[in-house]
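Q: Numbering (my numbering), first residue to last: 1 to 155.
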């Protein structure tokens, strides 16, 4: 882990994280100073409490990313391990090399795709009286908008 933490890429992450945390500390101090001034308010106190939380978040995410990277490198060094399989199931499970070499297959759902034209065997949608009433109301509304636009264009 020490070798990872001292790598050039992680040195940049250390500097960025430390810079973000220090910036959050300065912003918190500024908000506390602002809250005590004549123009200060409870909002400044809230921000003064919020900035240290942001700094802790930056530190926690830095630590989490470092641990994840270390675990990934350790796993890569050790190589993939086959899961423990009970004796009675070993005959039906293919060997690990065959599992790693096989490419993943896409899952194709049953039925037609919603992105293709409607098949001829599918009947057209049924139009009800409510649909016709809504269509008439929409047509009247669009006609009114067209009249208003024509009147505004004439002014």
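For every residue, glycine included, the Cβ atom is placed at its ideal position computed from N, Cα and C.
1) Have a look at 52, 73 and 11 and flag the residue whose alpha-carbon is nearest the alpha-carbon of residue 22.
2) State the start and end residues of the unbroken alpha helix (DSSP H) segment that holds residue 18.
3) If you count every other CB in all the chains shown that lies within 10 Å of the CB of residue 3, and 16 or more means buried, which is it?
4) Can you tell me whether residue 150 is helix, strand or coil according to DSSP?
5) So, helix, strand or coil for residue 39, using DSSP?
6) Whether or not the stretch 46 to 66 and the stretch 13 to 22 are in contact is what I'm after, with contact meaning three or more pairs of Cβ atoms, one per stretch, closer than 8 Å; do they touch?
7) Below 8 Å between beta carbons: does that hold for residue 28 and residue 48?
8) If you follow the alpha helix (DSSP H) that residue 5 is in, where does it begin and where does it stop?
9) Run the CB neighbour count on residue 17, radius 10 Å, all protein chains shown included, and call it buried at 16 or more, exposed below.
10) Check whether the stretch 69 to 81 and the stretch 28 to 45 are in contact - that is, three or more C-beta pairs closer than 8 Å.
11) I believe residue 13 touches residue 62 by the beta-carbon criterion, under 8 Å. Please report the beta-carbon distance rounded to the nearest angstrom.
12) Identify whether residue 120 lies in helix, strand or coil by the three-state DSSP scheme.
A: Inspection of the coordinates gives the following:
1) Here residue 22 corresponds to residue number 22 of the chain shown, with the count starting at 1. Closest option to residue 22, Cα to Cα, is 52.
2) Taking the chain shown and counting its residues from 1, the one referred to as residue 18 is at position 18. Residue 18 -> alpha helix (DSSP H) spans 8 to 36.
3) Working through the chain shown from its first residue, we reach residue 3 at position 3. By the neighbour-count criterion, in which a residue is buried when 16 or more other Cβ atoms sit within 10 angstroms of its Cβ, residue 3 is exposed.
4) For the purposes of this step, residue 150 is taken as the residue at position 150 of the chain shown. DSSP places residue 150 in helix when its eight states are reduced to three.
5) Counted from its first residue, the chain shown places residue 39 at position 39. Residue 39 falls in the coil class under three-state DSSP.
6) With the cut-off at 8 Å, the stretch 13 to 22 and the stretch 46 to 66 touch.
7) Taking the first residue of the chain shown as position 1, residue 28 is located at position 28. Taking the first residue of the chain shown as position 1, residue 48 is located at position 48. Against a cut-off of 8 Å, the Cβ pair of residue 48 and residue 28 comes out as a contact.
8) As a first step, residue 5 is located in the chain shown; it is residue number 5 there, counting from the start. First-last of the alpha helix (DSSP H) with residue 5: 2 to 5.
9) Sequence index remark: in the chain shown, residue 17 carries index 17 (1-based). Counting C-beta atoms within 10 angstroms of its own C-beta, residue 17 has 16 or more neighbours from the protein chains shown and is therefore classed as buried.
10) At 8 Å Cβ cutoff, the stretches do not touch.
11) Numbered from its first residue, the chain shown carries residue 13 at position 13. Numbered from its first residue, the chain shown carries residue 62 at position 62. Between residue 62 and residue 13 the Cβ distance is about 7 Å, and since that is below 8 Å, they are a contact.
12) On the chain shown, position 120 is the one that residue 120 refers to. Residue 120: coil per DSSP, three-state reduction.
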